[in-house]
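Here is the structure we will look at, set down as structure tokens.
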């Protein structure tokens, strides 16, 4: 990659980070998009591989969120049951 392209990618990444920290979301997304577009034009095969593997990543993420949700429900049930038992012991 040529030097000016590296500078544009680094500048857009840094600029996007600053804009996100300042809570200027639309400008941050636009700035990050510029760097990503330049990277995609330079390395199209890598972005194609990423695009092909995205459904697998989303599926794994959904499974993880489902497991975390079930674990949270179980913890809430245990806390609810334990809380009642503890209160009954104190009140008797």
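Numbering (my numbering), first residue to last: 5 to 96. Where is the CB? At the ideal position from N, CA and C, for every residue including glycine. Just so we're clear, the structure is a prediction, and the values are computed from it rather than from any experiment.
{"Asked": "Quick check: what's the CA-CA separation for residue 36 versus residue 79?", "Found": "39 Å"}
{"Asked": "Kindly indicate which three-state DSSP category residue 78 falls into: helix, strand or coil?", "Found": "helix"}
{"Asked": "Say whether the segment 7-23 touches the segment 33-48, bearing in mind that this needs 3 or more beta-carbon pairs closer than 8 Å, one atom from each stretch.", "Found": "yes"}
{"Asked": "Hey, residue 9 and residue 54 are a contact pair by Cβ (cut 8 Å); roughly how many whole angstroms apart?", "Found": "In fact, because the Cβ distance is near 19 Å, the residues do not count as touching under 8 Å."}
{"Asked": "With a 10 Å radius around its C-beta and 16 neighbouring C-beta atoms as the bar for buried, classify residue 76 as buried or exposed.", "Found": "exposed"}
{"Asked": "Have a look at residue 40 and residue 51 and give me their C-alpha separation to the nearest angstrom.", "Found": "10 Å"}
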